[in-house]
Structures are given as structure tokens and as C-alpha cells.
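Undergrad: Quick one: this structure, given as C-alpha cells, is what I'll be asking you about.
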Amino acid sequence: MSIHSRLRPAVLLRHAIRNQRRMKHSTAYVTTPIYYVNAVPHIGHLYSSVIADTLKRYYALKGADAYLCTGTDEHGLKIQQAAAKNNASPLDFCDRVSESFRQLCDAADISYTTFIRTTEPRHAKAVAALWTELEKNGYIYKGKHEGWYAVSDEAFYASNQVKEAIDEKTSEKVMVAIESGQRVEWTEEENYKFKLSAFQEPLLKWINDNPTAIVPGNRRNEVTSWIKAGLSDLSVSRLRSRLDWGIPVPSDPGHTIYVWLDALANYLTANGYPWPNKENSVSDSQVANVWPADVHVVGKDIVRFHAIYWPAFLMAAQLPLPKQILAHAHWTMGKQKMSKSRGNVADPFEVMDTYGVDPVRYYLVRDGGFADDGDYSEDNIIKRYKDLAGQLGNLLNRSTAPALNPNAIAPAMPQNVGARDQTLHAKLAALPDTYDQSFEAREFGKGLAAVFDMLAEANKHFQDNKPWDLAKDPAQKERLDQVLYYAIESCRVAGILLQPVLPSKMDTLLTRLGVPKGKRSLSDAQPSREKQVERPLGESRETVLFPRLKK
Ligand code: MSP
0 MSIHSRLRPA VLLRHAIRNQ RRMKHSTAYV TTPIYYVNAV PHIGHLYSSV IADTLKRYYA
60 LKGADAYLCT GTDEHGLKIQ QAAAKNNASP LDFCDRVSES FRQLCDAADI SYTTFIRTTE
120 PRHAKAVAAL WTELEKNGYI YKGKHEGWYA VSDEAFYASN QVKEAIDEKT SEKVMVAIES
180 GQRVEWTEEE NYKFKLSAFQ EPLLKWINDN PTAIVPGNRR NEVTSWIKAG LSDLSVSRLR
240 SRLDWGIPVP SDPGHTIYVW LDALANYLTA NGYPWPNKEN SVSDSQVANV WPADVHVVGK
300 DIVRFHAIYW PAFLMAAQLP LPKQILAHAH WTMGKQKMSK SRGNVADPFE VMDTYGVDPV
360 RYYLVRDGGF ADDGDYSEDN IIKRYKDLAG QLGNLLNRST APALNPNAIA PAMPQNVGAR
420 DQTLHAKLAA LPDTYDQSFE AREFGKGLAA VFDMLAEANK HFQDNKPWDL AKDPAQKERL
480 DQVLYYAIES CRVAGILLQP VLPSKMDTLL TRLGVPKGKR SLSDAQPSRE KQVERPLGES
540 RETVLFPRLK K
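Under numbering that gives the first Met the number 0, read the sequence shown as residues 0 to 550, first letter to last.
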């Protein structure tokens with residue numbers, strides 16, 4: 000006899016309610032990298048944010064209380080130099096550029112719960128607390144540092160990580176980092192060091208025990224081989240006389256905390272760190288009690304900092320490690336790295352003005368690279384726009400238009416599945432799981448392709464069944480309703496599943512289909528779970544979801 004069958008119904012009910020409550024309170028915490036304010040936002044930045052926002056909205060679709068943290072990375076030499084170049088004080092300069100990143104988030108419908116600026120007092124408090132914890136636990140010591148530093152990457156490199164190169168502009172012989180191609184300079188100073196070398200084995204064990212801690216696999220392998228090649232201790236401060244645009248070392252204000260230690264701590268700041276006590280973490284921030292992060296979304300260029308330094312800092316501070324580092328690849332243009340000097344950088348504001356916010360989000364998530372780079376092109380945005388208009392917008396219009404649907408209803412689910420409906424019925428029934436599995440595996444393009452594969456079948460079904468002929472014959476009313484049911488149901492299911500990527504357009508679509516706000520979660524996308532009854536459609540049937548492009 001199972002333990003449950005021995006329990007009284009009242010006890011079972013209590014269990015069920017408790018479980019339900021537990022499920023309701025599942026949380027998800029997703030982050031974007033925080034953006035350097037040395038230059039204005041470009042399409043690559045938007046990509047990081049859209050992927051993170053898609054994930055956050057996907058968790059919400061599954062019923063979690065989902066949080067998203069984003070912001071700007073404002074300290075360090077790189078920013079200090081950029082401000083000086085612009086004849087501005089560092090803070091004025093940061094205020095201005097940070098605002099443009101916030102505007103980008105707002106324009107792109109990024110549903111952040113916290114926007115962090117590393118120049119905020121709450122962040123300085125979190126960084127100082129983290130530093131003190133690392134020091135208290137014996138992982139920080141004073142030492143002499145000699146080595147190469149790349150201001151562009153804000154990273155130290157060992158002698159075997161740099162090479163000689165010729166500067167394109169000046170034809171001078173210079174030293175560059177092999178990994179990033181950025182110019183490095185020799186630095187020698189006394190600073191504080193973090194015992195990164197102590198974490199070689201613990202990091203390898205973490206990666207080994209958690210196969211999805213670093214995704215995709217090529218990045219995971221790369222990180223593993225970096226660690227196996229050996230980890231040296233890391234300089235985590237600069238003399239204040241060399242760098243004063245940063246947070247001072249709490250116990251020795253003559254030093255400034257290394258900008259990456261400062262920046263990474265933003266993920267804790269958003270969560271109200273330092274917590275008064277671990278059991279009862281109280282926070283004045285909106286992202287309360289959700290440590291560790293579920294997913295840190297990062298670009299491939301900053302994997303080392305997130306998959307080696309960050310977990311090592313957290314282990315040293317005895318804090319739980321993030322569940323996943325999700326690294327995306329980059330966007331190139333004309334197969335070349337996007338760069339201002341080459342003039343091949345896409346302005347995200349301009350692109351969204353031309354094609355609309357949701358279609359651009361859709362393009363980025365559908366075609367963006369994870370393991371490998373994706374090549375950005377407006378022709379491909381247009382192609383994706385046409386899919387949206389042709390497959391989804393069109394089916395919605397045709398199935399809800401007064402000519403075929405004069406009573407403005409979504410017909411009830413047919414009693415039996417007829418032979419002509421079987422293929423579409425099966426595709427619809429299988430889709431939510433396929434989508435969910437793809438999103439869980441972070442194969443967003445695959446999940447979206449499955450939605451459009453179903454829509455292609457739905458359009459074919461509609462076309463093959465000629466509802467315009469059925470509408471002419473009152474004896475065919477039942478069949479017409481069945482055909483309309485399948486078309487509208489396909490739009491409803493696609494609409495629910497596409498919400499994380501096209502939030503505003505899918506809100507319009509679902510409202511038009513008369514789907515109440517409380518019936519738009521992933522579990523509502525399963526046709527078999529809920530018997531569909533006839534439902535009135537919503538208002539404003541005339542709006543065109545994806546109007547013809549002017550271009
Ligand atoms: N400030 C650091 C991150 C600190 S996180 C604790 C930083 N900032 S960044 O502004 O340079 O880059 C932010 C993100 O934009 C990175 O994830 C980076 O990979 C991404 N992209 C920058 N150029 C890109 C492309 N061309 N394509 C796709 N993403 C790109 O690094």
C-alpha cells in the first residue's frame with residue numbers, strides 16, 4: 000500500500016494545497032550581462048537582452064514568478080578613458096549612455112524587474128560586502144603583479160596569451176591578446192590577488208556534476224580546457240593612483256576593486272545582497288529571495304569571467320552557484336565582425352522603427368547563433384516578417400473575418416477527430432511538449448520552427464478544406480465550424496507559445512481570439528488538457544497584425 004492511500008482525504012487535500020502553493024511560488028531569476036557605457040547600444044547588446052527576456056517570459060509562461068535583471072557596467076579604465084575622450088566627467092558620461100541602454104530595453108519591451116547601475120550606492124554596498132567575505136575566508140592576499148592588461152577587455156593576460164601584431168592604423172608593432180585581438184600593455188604594481196588557483200578542482204567538479212551548467216557544449220569544452228591548462232591567481236585591485244573610477248577596497252582605500260569583480264556582483268546586488276541572514280533574506284529590491292540565478296545569459300566573449308571567475312568568487316564567499324551560464328555566439332555582418340570602424344554595425348533603434356519591435360525580436364531569437372555566429376541581414380528580417388504575416392497574420396484574418404465567421408465565435412472542439420483533420424490534430428497536440436523541450440534545451444530556433452511547422456500545416460488544412468465553399472451551403476455548417484475550429488485553435492496555440500518572443504503582438508492576437516488573460520499559460524496550450532467549448536471572439540477584428548512593410 001502506498002503511503003498516500005493510507006492518508007485521510009483531508010490530509011491529502013492539505014498536501015495537494017501545499018504542493019500547489021509550492022508550485023505557484025516557483026521562481027526564476029534570469030540576467031543579461033550589464034553593458035559597458037563606453038559606446039552606444041548596438042544589435043549585439045539587444046540580442047543578449049532579447050534572449051534573456053525570452054527566457055524570463057518563458058518561465059512566467061510556465062507559471063513561475065520570474066525576474067530579470069539588466070543594467071550598465073560603469074566603472075573601470077575603459078569607461079574612465081571614454082569619458083575623458085568625450086570631455087565629460089565619468090558620472091555625467093555614464094548617466095547619458097546608461098540612459099540610452101535603459102531606453103533600448105524599454106523600446107524593445109525587455110521586461111526587466113531590476114535595472115542596475117554599478118555607480119549606485121546599493122551596488123557599492125554589495126561589492127564591498129562580497130570583498131569582505133572573500134577576504135575573511137582567506138582568499139585575498141596582497142602580492143606583486145606583473146603582466147599584460149587589455150583595457151578594452153578589462154582583463155589580465157599571461158605571457159603565453161599575448162602575441163606581437165601590427166597596429167592597422169599606425170603600422171606600429173604592438174602586443175595583443177590572442178583570445179580577443181585587443182591591445183595589451185605591460186603593468187607592474189602591488190595589488191590584491193584572489194586565490195583562483197585554489198578552485199581548479201572544485202570548478203571541474205562543478206562542471207562535471209552539472210552537465211547543463213555551461214551551455215552550449217562547445218563553450219563548456221572550452222571552459223574545461225582553460226581550467227585544465229591551469230589557473231593562476233587573479234589580480235583583483237588596481238592602485239587608486241592608476242584607476243580611481245571604481246569602488247575602493249573596504250580595508251585599504253588606496254586600491255580600487257577590479258572592474259570584473261565589481262560588475263559580476265551586480266547579479267547579487269539585484270537580489271538585495273548583503274542579506275541580513277541567509278535563512279531570512281530580506282531585500283528592498285524587487286528581485287527578492289531568488290538566489291542563485293537560474294540563467295546568466297552572456298556573449299561568448301565573456302564566458303571566462305562568468306564560468307570561471309564568477310563561480311570561484313561565489314564558492315569563496317560560500318554562496319550557491321548559478322544553475323546555468325548560457326553563452327550565445329555573435330552577430331556578424333557580411334560575415335565580418337561588427338565594428339564601428341568598418342561601419343557595419345546595426346542600430347537597434349532604427350531596425351525596430353522599420354520592422355517593428357516584435358518582428359525584430361522574433362528574427363533575433365529565431366536566427367541568432369548559440370554555438371556558431373549568425374550573419375545579420377535585413378533581407379532575412381524581411382523573410383521572417385513575411386512568415387509572420389503569411390502564416391500567422393493571414394490565418395488569423397481569414398478565420399475570424401465576418402465573411403466566414405459572421406457570428407464571431409471560436410467554435411467548440413469537434414467530438415471526434417475526422418480523417419481529414421488527423422495530421423493537424425496530432426501536430427497541435429504534440430507542439431507544446433516539443434516547444435517546451437526545445438526551450439528547456441535552449442534551442443529556441445528549433446522551438447519556434449516547430450510552431451511555424453504546425454502553422455504551415457494549419458494553412459494547408461484551411462486551404463484544402465475550402466471553407467469559403469462550405470460557407471455557401473447551410474448543410475455544411477458543422478464541417479465549416481470544424482475547419483474554423485482548427486484554424487482558430489492553431490492561432491491560439493501558436494499565440495500562447497510565441498508570447499515570450501512576440502509579447503505585444505501575441506497579446507493583440509489572443510485578445511482578438513477572446514482568450515482571457517488567465518488562460519494564456521503553457522498548460523493552456525495543450526488542447527487535450529482542457530475541453531474546448533465555443534467562445535466569443537474579442538473585439539477589433541479588423542486590425543492587421545503584421546501590416547505590409549513599406550520597404
Ligand atoms: N560589461 C561587460 C559585461 C559584464 S556582465 C557582469 C560587457 N559588456 S559589453 O557591453 O561589451 O557586452 C555586453 C554583451 O553584448 C555581451 O554579452 C556581448 O557578447 C554582447 N555583444 C557585443 N557584441 C556582440 C555581437 N556583435 N553579437 C552578439 N552579441 C554581442 O562585456
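A virtual CB, placed ideally from N, CA and C, is assigned to each residue, including glycine.
(1) Cα separation between P546 and A388?
(2) With which residues is F193 paired in a DSSP beta bridge?
(3) What does DSSP give as the partner residue(s) for F155 in the beta ladder?
(4) Kindly confirm or deny that the segment 155-165 and the segment 210-220 touch, where touching means at least three C-beta pairs closer than 8 angstroms.
(5) Going by C-alpha distance, which of A269, N458 and L60 is nearest R519?
(6) Taking 6 angstroms as the limit between beta carbons, can you name the residues of its chain near F155, skipping five residues before and five after?
(7) Can you tell me whether L263 sits near the ligand MSP, meaning its C-beta is under 8 angstroms from at least one heavy atom of the ligand?
(8) Return the residue from the list A449, A370 and P515 that minimises the CA-CA distance to Y434.
(9) Is F369 helix, strand or coil by DSSP?
(10) Quick check on DSSP: helix, strand or coil for I246?
(11) Can you check DSSP and say which residues form a bridge with C68?
(12) N279: buried (16+ other C-beta within 10 angstroms of its C-beta) or exposed?
(13) Taking its Cβ as the centre, do 16 or more other Cβ atoms sit within 10 Å of A418, making it buried, or is it exposed?
(14) From the DSSP output, read off the bridge partner residues of L238.
(15) Are A409 and R491 close, meaning C-beta to C-beta below 9 angstroms?
(16) Go through its chain and collect everything with a Cβ distance to W185's Cβ below 7 angstroms, but skip five positions before and after it.
(17) Nearest to R237 by alpha carbon, out of H254, N343 and S224?
(18) Decide if S88 is buried, meaning its Cβ has at least 16 other Cβ atoms within 10 Å, or exposed.
(19) Please name the residue, chosen from G446, E132 and L67, that lies closest to L496 on a Cα-to-Cα basis.
(20) Kindly indicate which three-state DSSP category P120 falls into: helix, strand or coil?
(21) When DSSP labels each residue in this structure, what does M332 get in the three-state scheme?
(22) Using the Cα positions of S338 and A83, report the straight-line distance between them to the nearest angstrom.
(23) Look at the alpha carbon of Y111 and the alpha carbon of F438, and state the distance between them as a whole number of angstroms.
(24) Please list the segments of the alpha helix (DSSP H) lying wholly inside the segment 447-533, counting only runs of 4 or more residues, in order along the chain.
(25) With a 10 Å radius around its C-beta and 16 neighbouring C-beta atoms as the bar for buried, classify V173 as buried or exposed.
(26) E538: buried (16+ other C-beta within 10 angstroms of its C-beta) or exposed?
(27) Run through DSSP, which three-state label would D346 get?
(28) Would the C-beta of Y362 count as close to the ligand MSP, meaning under 8 angstroms from any of its heavy atoms?
(29) Below 8 angstroms, how does it come out for the segment 264-271 and the segment 56-72: are there three or more Cβ pairs, yes or no?
(30) Residue range of the alpha helix (DSSP H) that E163 falls in?
(31) Can you tell me whether E188 is helix, strand or coil according to DSSP?
(32) Is the beta carbon of A63 closer than 9 angstroms to that of T26?
(33) With hydrogens ignored, establish whether the beta-carbon of P32 is closer than 8 angstroms to any heavy atom of the ligand MSP.
(34) Run the proximity test for K339: is its beta-carbon closer than 8 angstroms to any non-hydrogen atom belonging to the ligand MSP?
(35) CB of D562 to nearest heavy atom of the ligand MSP: below 8 angstroms?
TA: So, from the data block:
(1) Each residue's Cα considered, the two are about 7 angstroms apart.
(2) I139 and L233
(3) Y148
(4) no
(5) L60
(6) G146, Y148 and S234
(7) yes
(8) A449
(9) coil
(10) coil
(11) According to DSSP, C68 shares a beta bridge with T30 and T113.
(12) Confidence at N279 is low in this model, with a pLDDT of 42, below 50, so the placement of that residue should be treated as unreliable; the coordinate-derived value is given next. Looking at its Cβ environment, which holds fewer than 16 other Cβ atoms inside 10 Å, N279 is exposed.
(13) exposed
(14) H254
(15) yes
(16) W147
(17) The option with the nearest alpha carbon to R237 is H254.
(18) Result: exposed.
(19) G446
(20) helix
(21) strand
(22) 22 angstroms
(23) 20 angstroms
(24) 466-469, 476-497 and 502-511
(25) By the 16-neighbour rule on beta-carbons within 10 angstroms, V173 is exposed.
(26) exposed
(27) coil
(28) no
(29) Output reads yes: the segment 56-72 touches the segment 264-271.
(30) Where E163 is concerned, there is no enclosing alpha helix (DSSP H), although the beta strand (DSSP E) it sits in stretches over V161 to I165.
(31) strand
(32) yes
(33) Flag set: Cβ of P32 near the ligand MSP.
(34) Here the distance from the Cβ of K339 to the nearest heavy atom of the ligand MSP is not below 8 angstroms.
(35) As displayed, the chain neither begins before 0 nor continues past 550, which places residue 562 out of reach and without an answer.
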